[in-house]
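A.B. asks: Residue numbers for the sequence shown follow numbering that gives the first Met the number 0, so the first one is 0 and each next one is one higher. Every residue, glycine too, gets a C-beta built ideally from N, C-alpha and C. Bear in mind the structure is a predicted one, so any value in this text is a computation, not a measurement.
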Amino acid sequence: MSGTAYQGRKLGEVFKIITAMIRDPDVTIYMGLAGSMATAGMWGIVSWMIEKRYIDVLVSTGANVSEDIYAGMGFPYGRGSPCVDDTILLKYRIDRFYDVYADEYLYREMERLLRDFIRDLPSDYVFSSAEFLYLLGARLSRLGIRSIATSAYKSRVPVFVPAIVDSGYGIAYIQALREFGKRVYIDQFKDFEQMVEIAMRSKETGVIYIGGGVPTDITQLVAVAKALIEEKRHGVDVSKPHKYAVKITTDLPQWGGLSGATLEEAVSWGKVEQVSMAMLNVDATIALPIIAAAIREAGLERKGVDLGWVFEGVRRYEDKI
0 MSGTAYQGRK
10 LGEVFKIITA
20 MIRDPDVTIY
30 MGLAGSMATA
40 GMWGIVSWMI
50 EKRYIDVLVS
60 TGANVSEDIY
70 AGMGFPYGRG
80 SPCVDDTILL
90 KYRIDRFYDV
100 YADEYLYREM
110 ERLLRDFIRD
120 LPSDYVFSSA
130 EFLYLLGARL
140 SRLGIRSIAT
150 SAYKSRVPVF
160 VPAIVDSGYG
170 IAYIQALREF
180 GKRVYIDQFK
190 DFEQMVEIAM
200 RSKETGVIYI
210 GGGVPTDITQ
220 LVAVAKALIE
230 EKRHGVDVSK
240 PHKYAVKITT
250 DLPQWGGLSG
260 ATLEEAVSWG
270 KVEQVSMAML
280 NVDATIALPI
290 IAAAIREAGL
300 ERKGVDLGWV
310 FEGVRRYEDK
320 I
């Protein structure tokens, strides 16, 4: 499609850059996953990309790694209409995600599963969100529940959720606190520390951004942090941008938000290299399946980066959760 025009050409360019990332043995690949992609079924593609090791690090919203569990528990998302009387949906406890419907009572069952997981965690350990979700993946794996966390656990891929409380995990935590007096501590600074350390141990980094928001912003900041560390170490002003960068978004840059900010803007911050980058202005629920199908058709194989050290602090809890 790179031989066409407009966003069709950009789609082809994005695929070429992702292919280059996958084939580059020196690159650690981060994916930033924003929005509510799980309710649209995209979680299955992300899980597959993790299992095939096309992703080394996932940075996500809490919704994307909780609302997939709803589906993994066997609860269906219904196809609905955005043109509906939402007071009627409220009456029947049907939650709406634009044109996707979920049963509120089944959603609460998913949150109770998370509540019980939190209840069983140690209170004397300060987790990163990646460590927290690693243990959740261990439990879900034993329960036979498919999810992004399950795939990440089996593949030893860290999943960071910098705003994890802004999701069903926040509700589950409050339930665990109120019902069981349980407190669990997730350190956002530890998240960033581990994300930066991964980059420091990597020769090069590449990024795939689905949407914007916190997942994109904090992954961009990894490049800034790495540059500042190298500057302090060597005493010279250096830039350590992500070698490859692609972004799929429907947002626009003129409002000043990161979700619509161009990758060219990121170049000015030293966050990405200008040589291998492409931005695609398309709904990710259209683009991601096409890209995944193209990767599969190309028969690309990748070993992936061993990041098992991220979980060393919580391995002792793995069989107890």
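Starting from Leu-135, trace the alpha helix (DSSP H) in both directions and tell me its first and last residue.
C.D. replies: That run of the alpha helix (DSSP H) goes 128-142.
A.B. asks: Residue range of the beta strand (DSSP E) that Asp-123 falls in?
C.D. replies: Asp-123 -> no beta strand (DSSP E), and no H or E assigned at all.
A.B. asks: If you drop the 5 nearest sequence neighbours on each side, which residues of the same chain put their C-beta closer than 8 Å to that of Gly-34?
C.D. replies: These residues qualify, in order along the chain: Thr-60, Ala-62, Asn-63, Ile-209, Gly-210, Gly-212, Ala-283.
A.B. asks: Got a sec? Which residues, its chain only, sit under 6 Å from Pro-252 by beta carbon, not counting five neighbours each side?
C.D. replies: The residues are Gly-259, Ala-260, Thr-261.
A.B. asks: Considering only residues of the same chain and omitting the five flanking positions on each side of Gly-7, which have a CB-CB separation below 7 Å?
C.D. replies: Met-0.
A.B. asks: Have a look at Val-125 and Asp-186 and give me their C-alpha separation to the nearest angstrom.
C.D. replies: Distance between the alpha carbons of Val-125 and Asp-186 is about 6 Å.
A.B. asks: Could you please give the first and the last residue of the uninterrupted alpha helix (DSSP H) stretch that includes Lys-189?
C.D. replies: Start and end: 187-199.
A.B. asks: Taking 8 Å as the threshold (C-beta atoms), are Glu-130 and Val-313 in contact?
C.D. replies: In contact: Val-313 and Glu-130 (Cβ atoms closer than 8 Å).
A.B. asks: Decide if the stretch 190-204 is in contact with the stretch 149-164; the criterion is three or more beta carbon pairs, one per stretch, under 8 Å apart.
C.D. replies: Yes, since at least three Cβ pairs between the stretch 190-204 and the stretch 149-164 fall closer than 8 Å, the two stretches touch.
A.B. asks: Inspect the beta-carbon positions of Leu-134 and Glu-272 and report whether they are closer than 8 Å.
C.D. replies: For Leu-134 and Glu-272, no; Cβs fall outside 8 Å.
A.B. asks: What does Lys-225 pair with, by DSSP beta-bridge criteria?
C.D. replies: Its beta-bridge partners do not exist; DSSP assigns none.
A.B. asks: Quick check: Ile-144 and Met-72, are their CB atoms within less than 8 Å of each other?
C.D. replies: Yes; because the gap between Cβ atoms is below 8 Å, this pair is in contact.
A.B. asks: Below 8 Å, how does it come out for the stretch 44-57 and the stretch 83-103: are there three or more Cβ pairs, yes or no?
C.D. replies: With a cut-off of 8 Å, the stretch 83-103 and the stretch 44-57 do not count as touching, because too few Cβ pairs lie within range.
A.B. asks: Give the DSSP bridge partners of Lys-246, in chain order.
C.D. replies: Looking at the DSSP assignment, Lys-246 forms a beta bridge with Tyr-208, Met-278.
A.B. asks: Quick check on the DSSP output: the alpha helix (DSSP H) that includes Phe-179 runs from which residue to which?
C.D. replies: Per DSSP, Phe-179 belongs to the alpha helix (DSSP H) from 167-179.
A.B. asks: Of the choices Leu-105, Tyr-76, Ala-151, whose alpha-carbon is the least far from that of Val-56?
C.D. replies: Checked all of Leu-105, Tyr-76, Ala-151; the closest Cα to Val-56 is Ala-151.
A.B. asks: For the beta strand (DSSP E) containing Thr-325, name the first residue and the last one.
C.D. replies: Residue 325 lies beyond the residue range present for the chain, which begins at 0 and ends at 320; the question has no answer from this structure.
A.B. asks: In the DSSP output, what is Tyr-29 paired with across the bridge?
C.D. replies: Per DSSP, Val-56, Val-206.
A.B. asks: Please check the pair Thr-204 and Gly-31, which I expect to be a contact at CB under 8 Å, by giving their CB distance rounded to whole angstroms.
C.D. replies: Not really, about 12 Å apart at Cβ, beyond 8 Å.
A.B. asks: Assign Val-274 to one of two classes, buried (16 or more other C-beta atoms within 10 Å of its C-beta) or exposed (fewer than that).
C.D. replies: Burial call: exposed.
A.B. asks: With H, G and I counted as helix, E and B as strand and the rest as coil, what does DSSP make of Asp-94?
C.D. replies: Correct three-state label for Asp-94: strand.
A.B. asks: Shortest alpha-carbon distance to Ile-228 belongs to which of Ala-198, Ile-217, Leu-306?
C.D. replies: Checked all of Ala-198, Ile-217, Leu-306; the closest Cα to Ile-228 is Ala-198.
A.B. asks: Under a three-way DSSP split, which group does Gly-77 fall into?
C.D. replies: Strand at Gly-77.
A.B. asks: Could you have a look at Val-271 and say whether DSSP puts it in helix, strand or coil?
C.D. replies: It is a strand residue.
A.B. asks: What number of angstroms, rounded off, separates the C-alpha of Ala-175 from the C-alpha of Val-221?
C.D. replies: If you take the alpha carbons of Ala-175 and Val-221, they lie about 33 Å apart.
A.B. asks: Just tell me which of Ala-297, Val-99, His-233 has its CA closest to the CA of Arg-78.
C.D. replies: When only C-alpha atoms are compared, the closest one is Val-99.
A.B. asks: Measuring only the C-alpha atoms, how far is Arg-107 from Asp-94?
C.D. replies: Each residue's Cα considered, the two are about 11 Å apart.
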